[in-house]
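Chains S and B supply the protein sequences, listed in that same order. Each residue of the first sequence is one higher than the one before, counting from 1 in the numbering used here. Each residue of the second sequence is one higher than the one before, counting from 1 in the numbering used here. Take a look at the structure below.
There are 2 protein chains.
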Amino acid sequence: MAALQIVNDEGADALTLRYLAKQLSSGTATLYRHFESREDLIAQVVDRVFAEMESSMPGIDNLGWEMTCRMLANHMFKVLCHHRGVAPLLLQSVPKGPNAMIQRERSLALLLANGFSTPLAVRAYVTLARYVLGFAVQLSDRHDEDRDNAQITATFLKLDRAAFPATFAVIDEFPIPLEEEFSFGLELMIAGLSQIRKCDLNQ
Amino acid sequence: MAALQIVNDEGADALTLRYLAKQLSSGTATLYRHFESREDLIAQVVDRVFAEMESSMPGIDNLGWEMTCRMLANHMFKVLCHHRGVAPLLLQSVPKGPNAMIQRERSLALLLANGFSTPLAVRAYVTLARYVLGFAVQLSDRHDEDRDNAQITATFLKLDRAAFPATFAVIDEFPIPLEEEFSFGLELMIAGLSQIRKCDLNQ
DNA sequence: ACCTGAACACCGTTCAAGT
DNA sequence: ACCTGAACACCGTTCAAGT
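The structure is reproduced here in structure tokens:
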């Protein structure tokens, strides 16, 4: 799929019908034989990524619920990182393609098999999925991370030390790699889930 | 600021230089007297929102660290929801405007004042900020939420019951309002932070 | 000195005309 | 029946020409 290739290599914005047509030595009008609008094209690209997310999912039976949640979220994040520009394409609408359905079914089944009640399973799944996508989006839309980090550090250093004591107190910690932020937050949520599960299982 | 008005009312995509020029009874070329590119215009709009985030921040001293985190995150989320289309504009680069700096300083100071160590304060701040933005983005890019929810329910109901047992098991729970997902995940992270703080304070 | 119409190189989508 | 060049109404940015 040439469209996914473009999104991977040059980002979501580079996926224009004219550019795609040129890659395929075709015209824009001809593309409309394969999809009915750019939105439809994007839905097809997105579902292709869900197919890969499903097929490359490692076996995660009998690992306990914490490890199951961790691997689910990490795997989703890894696939979205691998296909750099694709995350923003997921924002427009909730994915409704066949492979998205399969991926959701598998994830929910894993949570239920690990003892989550139905209300908690849904909430855990949707919240983790949104968490993963929220981070993936912030990763893929960053066009030049190094330049951005350099700018933010420079901006910090130009601040008045007296007026920004807290910022200067933590300045040595910046920048924290986004992957580390992702893991940090994920572990927080898993720790939080373990507390909820105590109540959930007792009721 | 007419640009922010456009973003609020018609979304980030509606903020084109031509449309903005028309609203101001001007030409596109004239706009370049006030900013040097569309990116620069967006940075100005974004910083305006940070100014509002800061000025409308309720006093949150002496509420304890959990309440402080909760109010910080909720307030950021509320302001981003109020200015619907603005969240996607925050994705392109880390905000570097003066009001963004002030907002960050105040947030970090609050965490430090509540007993967070510097490494934990930074991580808690950046992760919460990314969490809030990740959700806000998924809220503002949804052009027609009701239509989308109707479509997803319809898609679920067309699935084969035997092949999608987990999906059908939880179908009554859908859709969960995004605001509820946000609160659910935020409480998970706060619960997770309370566990980390135990180790953090002991060391 | 300041402003701006018009141009340039793009975009998604449509459709009449060609094979 | 299938394909597609050209058109339409957009976009950000630039600059020569006007005041």
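Just so you know, even glycine gets a beta-carbon here, dropped at the ideal spot from N, CA and C.
Query raised in the report: To which residues of the same chain is Ala51(B) closer than 6 Å at the C-beta, ignoring the five residues directly before and after it?
Result: Excluding residues within five positions, the ones whose Cβ falls inside 6 Å are Asn99.
Query raised in the report: Terminal residues of the continuous alpha helix (DSSP H) containing Asp40(S)?
Result: It spans 38-55 - the alpha helix (DSSP H) in which Asp40(S) sits, taken as one unbroken run.
Query raised in the report: Fully enclosed by the segment 83-116 of chain B, which alpha helix (DSSP H) runs are 4 residues long or longer?
Result: Here the runs fully enclosed are 98-113.
Query raised in the report: Does Arg48(S) come within less than 9 Å of chain B when only Cβ atoms are used?
Result: Closer than 9 Å to the CB of Arg48(S) there is not a single CB belonging to chain B.
Report task. Report yes or no: do three or more beta-carbon pairs, one from the segment 170-184 of chain S and one from the segment 109-125 of chain B, lie closer than 8 Å? Result -> Taking a cut-off of 8 Å on C-beta distances, the segment 170-184 of chain S touches the segment 109-125 of chain B, as three or more cross pairs fall below it.
**Report entry** Enclosing alpha helix (DSSP H) for Asp148(S) [first to last residue]
**Finding:** Boundaries of the alpha helix (DSSP H) harbouring Asp148(S): 145-157, taken from the DSSP string.
Query raised in the report: My guess is that Tyr131(B) and Met189(B) are in contact by the Cβ rule of under 8 Å, so how many angstroms apart are they, rounded?
Result: Your pair Tyr131(B) and Met189(B) checks out as a contact, with CB atoms roughly 7 Å apart and the cut at 8 Å.
Requested in this report: Could you tell me whether any Cβ in chain S is nearer than 9 Å to the Cβ of Leu15(B)?
Outcome: Closer than 9 Å: no.
**Report entry** Exposed unless 16 or more other CB atoms sit within 10 angstroms - verdict on Glu54(B)
**Finding:** Taking all protein chains shown into account, Glu54(B) has 16 or more neighbouring C-beta atoms within 10 Å of its C-beta and is therefore buried.
Query raised in the report: Ala149(B) and His83(B): beta carbons closer than 9 Å?
Result: It is Asn, not Ala, that sits at residue 149(B) in the sequence shown. Not in contact: Asn149(B) and His83(B) (Cβ atoms no closer than 9 Å).
**Report entry** Ala154(S) burial status per 10 Å Cβ neighbour count (16 or more: buried)
**Finding:** Looking at its Cβ environment, which holds fewer than 16 other Cβ atoms inside 10 Å, Ala154(S) is exposed.
Requested in this report: Would you tell me roughly how many angstroms separate the C-alpha atoms of Leu108(S) and Ala3(S), rounded to the nearest one?
Outcome: Linking Leu108(S) to Ala3(S) through their CA atoms gives a straight-line distance of about 30 Å.
Query raised in the report: Is the beta carbon of Ala14(B) less than 9 Å from the beta carbon of Gly85(B)?
Result: Taking 9 Å as the cut-off, the Cβ atoms of Ala14(B) and Gly85(B) count as close.
Query - Contacts that Val170(S) makes with chain B (C-beta to C-beta distance below 7 Å) - result: Chain B residues near Val170(S): Leu108, Thr118, Ala121, Val122.
Requested in this report: Identify the continuous alpha helix (DSSP H) that holds Tyr19(B) and give its terminal residues.
Outcome: Membership of Tyr19(B) in the alpha helix (DSSP H) is indicated by the continuous run 17-23.
**Report entry** chain B within 9 Å of Ile42(S), Cβ atoms only
**Finding:** Closer than 9 Å: no.
Query raised in the report: Using a beta-carbon distance below 9 Å, is Glu181(B) in contact with chain S?
Result: Interface annotation, Glu181(B): in contact with chain S, CB-CB separation under 9 Å.
Query raised in the report: Buried or exposed: Arg10(B), going by 16 or more other Cβ atoms within 10 Å of its Cβ?
Result: Before going on, a small fix: residue 10(B) reads as Glu here, not Arg. Flag for Glu10(B) reads exposed.
Report task. Take Leu24(B) and list the residues in its own chain whose beta-carbon comes closer than 7 Å to its own, dropping the five residues that flank it on each side. Result -> Hits under 7 Å: Ala2.
Query raised in the report: Which first and last residues belong to the alpha helix (DSSP H) in which Ile6(B) is found?
Result: That run of the alpha helix (DSSP H) goes 2-10.
**Report entry** Residues, ordered as in the chain, of the segment 45-71 of chain S that lie near chain B by beta-carbon distance below 7 Å
**Finding:** Residues: none.
Report task. Quick one: give me the first and last residue of the alpha helix (DSSP H) that Pro165(S) is part of. Result -> Unbroken alpha helix (DSSP H) run through Pro165(S): 165-169.
Query raised in the report: Under a three-way DSSP split, which group does Tyr32(B) fall into?
Result: Residue state, collapsed to three classes: coil.
Query raised in the report: So what does DSSP say about Arg123(B), is it helix, strand or coil?
Result: The answer is helix: DSSP assigns Arg123(B) an H, G or I state.
Query raised in the report: Between Thr28(S) and Leu41(S), is the Cβ-Cβ spacing less than 9 Å?
Result: Taking 9 Å as the Cβ cut-off, Thr28(S) and Leu41(S) do not qualify as a contacting pair.
Query raised in the report: Are Asp61(B) and Ala113(B) touching if we call contact CB-CB under 9 Å?
Result: Taking 9 Å as the Cβ cut-off, Asp61(B) and Ala113(B) qualify as a contacting pair.
Query - C-alpha gap between Val94(B) and Ala163(B), whole angstroms - result: Taking the straight line joining both Cα atoms gives about 44 Å.
Query raised in the report: Is the closest heavy atom of the ligand SAH to the C-beta of Phe156(B) under 8 Å?
Result: Among the components modelled here there is no ligand, and therefore nothing to report on the ligand SAH.
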